[in-house]
Amino acid sequence: MAEYRAEIIIWMFSGTLSLVMMLVWMAQADAAPGGQVRGYSPEEFAGYFLSIWVVSQLMVVWVSWEIDYAIRQGQLSPQLLRPLDPIWPHFIGHVTERFVRALPMFALVFVFTLLTGAKFTTQWWAYPAAFGLVTLGFTARFLWEYTLGLLAFWTENTTSFQEVVWLIYAALGGMLAPLTFLPDWAQAIARWTPFPYMLGLPAQLLTGKATPDQALHGAAILAGWLVLFWFVRLWVWRRGLSRYGAVGA
Amino acid sequence: MRGLRRALRLMRVFIGATISAQLEYRANFLGALMGTLVATGTSLFALGLVLGQPGTTGVGGWTLREALLVTAFYLLTSGFIAVFIRPNMSKIAEAVRTGNMDFTLLKPIDAQLNVSTRNVDILRFPDLLIGAGLMVYAASGLTITASGMLGGTLLYLSSLVIVYCIWLALSTTAFWFVKTQNATELFQGVFSAARFPSTAFPAPVRAFLTVVVPIAFITTVPAQALLGRLTLTQALASPLVAAVLFAATRWFWLKAVGSYTSASS
């Protein structure tokens with residue numbers, strides 16, 4: 278059941294929220310005097326949110342449900358016998374899934390682009406830069422989700438923690454609106470989190486609204502978070518293992 | 298009449314049984330509360346962002362308070378889904394797969410009534426309270442007449458019927474496809490558009506949300522009725538859609554049960 282919930286929530290939110298927001302913002306820009314909201318025309322909104330959609334699709338991570346389930350059901354025990362940290366099979370599984378997801382995803386983006394008239398940048402460097410940020414962002418997200426899953430050693434509510442973190446990730450990352458649309462205090466908080474650099478920044482690169490310098494800056498910050506998450510994950514893992522008694526033991 | 302009274306009595310028994318079963322797992326309450334928080338937070342933050350931009354006075358011709366009314370209907374409805382609909386509908390596919398549907402069909406009460414009312418997820422009850430609270434807050438800053446309130450309540454009842462019918466129809470496909478998870482997810486995805494008034498969307502999308510998937514009837518129409526902005530034809534359309542859907546779903550359900558061959562055969 279917990280695994281089903283994962284599917285439901287992932288589908289529901291990462292799937293359509295950005296597209297719903299895209300349509301609302303496009304209509305808002307259309308209705309606004311001058312046809313723009315904060316310098317975004319309907320086509321630019323379409324480009325931004327389609328990019329957000331692609332980026333968030335590439336960052337779908339369900340590992341916390343798998344870990345939670347494995348710990349609860351005692352399935353972690355056989356994994357512990359292997360001479361390999363259990364994180365790696367999960368990581369490889371997630372990476373492989375991206376390749377399966379890519380083809381239908383780009384087909385859909387192509388259709389949506391035709392329908393909405395979305396505009397993307399013509400600067401070639403933006404694409405590898407966005408890809409690099411997405412790779413870093415996905416790895417960071419994977420690590421924090423993995424750590425959240427490990428909380429199942431202590432609590433039964435890991436999946437709800439995961440949902441709360443998702444909300445912060447979506448709101449501060451720029452899934453509801455570009456970061457500059459947020460109130461100042463929210464922007465100030467967002468800058469101290471990894472979220473805007475992994476979600477909003479790649480999307481702004483793809484729509485030609487960010488510079489190479491910003492991309493490098495974002496990549497450096499994400500790399501820092503990545504190292505931090507890695508050590509937090511390691512620490513929680515060691516603490517948790519000492520509490521783990523398999524099922525029935 | 299006696300049939301209806303019997304149905305209501307059975308529903309009361311079912312709800313009592315499922316509540317006492319759930320009270321044993323009180324630790325889940327915290328988890329459910331966080332789920333509620335996320336649902337509410339996302340909706341309010343999204344609406345606040347759209348309306349908070351400089352120079353923006355409304356969304357699709359709705360002011361903040363008015364749009365809040367739609368969001369309140371959205372939260373109320375997703376609470377209704379979480380409390381009353383999903384706990385039941387998600388079990389249909391499972392029952393068909395394992396053959397447990399046999400027992401349901403053998404019982405001397407209507408099988409559709411049984412599968413639709415057997416379970417309640419009371420842990421998500423706060424969703425309903427938040428939806429209702431937000432509705433009162435939004436309405437307190439607007440002028441709402443008694444007739445508007447009556448119309449809104451009646452039309453919201455037909456919204457709930459529409460939501461129930463869509464979920465039942467999607468879940469009934471389990472008799473043929475076994476796995477229905479994706480179908481209901483897809484509906485949830487489209488339904489997430491209902492947190493905004495339907496006029497907030499570009500015209501082709503608005504038409505889609507009214508005619509193809511009747512999302513607009515679920516939240517926008519009751520809100521319009523509350524505000525007294527509904528014409529008579531619009532007011533009649535929603536119950537009509539609900540009635541047609543209900544009859545169609547009933548027919549579909551009976552057809553599905555008719556083709557059911559249990560798990561082992």
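Residue numbers (the working numbering), protein chains in the order written: chain Z, 278 to 526; chain E, 298 to 562. We put the CB at the ideal spot given by N, CA and C, even for glycine. This one's a predicted model, so the numbers in the text were calculated from it and none came from an experiment.
Based on the DSSP output, what are the partners of residue i in its beta bridges?
i, result
"residue 548(E)", "Residue 548(E) pairs with nothing; no bridge assigned."
"residue 359(E)", "356(E)"
"residue 314(Z)", "317(Z)"
Under 8 angstroms, do residue i and residue j count as touching if we go by C-beta distance?
i, j, result
"residue 416(E)", "residue 385(E)", "yes"
"residue 425(E)", "residue 376(E)", "yes"
"residue 480(Z)", "residue 346(E)", "no"
"residue 321(Z)", "residue 432(Z)", "no"
"residue 521(Z)", "residue 364(Z)", "no"
"residue 416(Z)", "residue 345(Z)", "no"
"residue 486(E)", "residue 293(Z)", "yes"
"residue 559(E)", "residue 514(E)", "no"
"residue 458(E)", "residue 381(E)", "no"
"residue 372(E)", "residue 431(E)", "yes"
"residue 379(E)", "residue 469(E)", "no"
"residue 456(Z)", "residue 464(Z)", "yes"
"residue 340(Z)", "residue 419(Z)", "yes"
"residue 406(Z)", "residue 489(Z)", "yes"
Between the Cα of residue i and the Cα atoms of the options, which residue gives the shortest distance?
i, options, result
"residue 493(E)", "352(E), 518(E), 481(E) and 319(E)", "518(E)"
"residue 470(Z)", "434(Z), 443(Z), 490(Z) and 487(Z)", "443(Z)"
"residue 453(E)", "403(E), 422(E) and 516(E)", "516(E)"
"residue 451(E)", "545(E), 343(E) and 533(E)", "533(E)"
"residue 332(E)", "555(E), 465(E) and 422(E)", "422(E)"
"residue 354(E)", "483(E), 497(E) and 543(E)", "497(E)"
"residue 299(Z)", "503(Z), 328(Z), 347(Z) and 414(Z)", "328(Z)"
"residue 325(Z)", "499(Z), 409(Z) and 482(Z)", "482(Z)"
"residue 492(Z)", "311(Z), 362(Z), 411(Z) and 391(Z)", "411(Z)"
"residue 383(E)", "490(E), 531(E) and 460(E)", "460(E)"
"residue 362(Z)", "511(Z), 342(Z) and 519(Z)", "511(Z)"
"residue 359(E)", "402(Z), 305(Z), 374(Z) and 429(Z)", "305(Z)"
"residue 437(Z)", "509(Z), 342(Z), 404(Z) and 337(Z)", "342(Z)"
I need the boundaries of the alpha helix (DSSP H) containing residue i, first residue and last residue.
i, result
"residue 453(Z)", "Premise fails: residue 453(Z) is in no alpha helix (DSSP H) and is neither H nor E."
"residue 491(Z)", "489 to 520"
"residue 464(E)", "443 to 469"
"residue 388(Z)", "364 to 393"
"residue 426(Z)", "403 to 427"
"residue 235(Z)", "The structure shown does not extend to residue 235(Z), since chain Z spans only 278 to 526, so no value can be given for it."
"residue 482(Z)", "477 to 483"
"residue 427(E)", "422 to 437"
"residue 243(Z)", "What is shown of chain Z runs 278 to 526, which leaves residue 243(Z) out entirely."
"residue 523(E)", "512 to 523"
"residue 502(E)", "500 to 504"
Under the three-state reduction of DSSP, which class applies to residue i: helix, strand or coil?
i, result
"residue 417(E)", "coil"
"residue 562(E)", "Only weak support is given to the placement of residue 562(E): the predicted model assigns it a pLDDT of 48, under 50, and the value that follows is read from those uncertain coordinates. In this structure, residue 562(E) counts as coil in the three-state DSSP scheme."
"residue 313(E)", "helix"
"residue 440(Z)", "helix"
"residue 344(Z)", "helix"
"residue 399(E)", "helix"
"residue 340(E)", "helix"
"residue 588(E)", "The requested residue 588(E) does not occur in the structure, where chain E is confined to residues 298 to 562."
"residue 279(Z)", "For residue 279(Z), the predicted model reports a pLDDT of 38, less than 50, meaning its position is unreliable; a value from the coordinates is still stated below. It is helical."
"residue 339(Z)", "coil"
"residue 528(E)", "coil"
"residue 375(E)", "helix"
"residue 349(E)", "coil"
"residue 431(Z)", "coil"
"residue 291(E)", "Here chain E covers residues 298 to 562 and nothing more, so residue 291(E) does not appear."
"residue 309(Z)", "coil"
"residue 284(Z)", "Any reading at residue 284(Z) needs caution, since the residue's pLDDT is 48, under 50, leaving its predicted position unreliable; the model's value is listed next. In this structure, residue 284(Z) counts as helix in the three-state DSSP scheme."
"residue 557(E)", "coil"
"residue 320(E)", "coil"
"residue 493(E)", "coil"
"residue 290(Z)", "Residue placement at residue 290(Z) is poorly supported in this model, since its pLDDT is 47, which falls under 50; the coordinates still yield a value, given next. Reduced to three states, the DSSP call for residue 290(Z) is helix."
"residue 388(E)", "helix"
"residue 526(Z)", "Any reading at residue 526(Z) needs caution, since the residue's pLDDT is 40, under 50, leaving its predicted position unreliable; the model's value is listed next. Reduced to three states, the DSSP call for residue 526(Z) is coil."
"residue 400(Z)", "coil"
"residue 382(E)", "helix"
"residue 410(E)", "helix"
"residue 536(E)", "helix"
"residue 361(Z)", "coil"
"residue 471(Z)", "coil"
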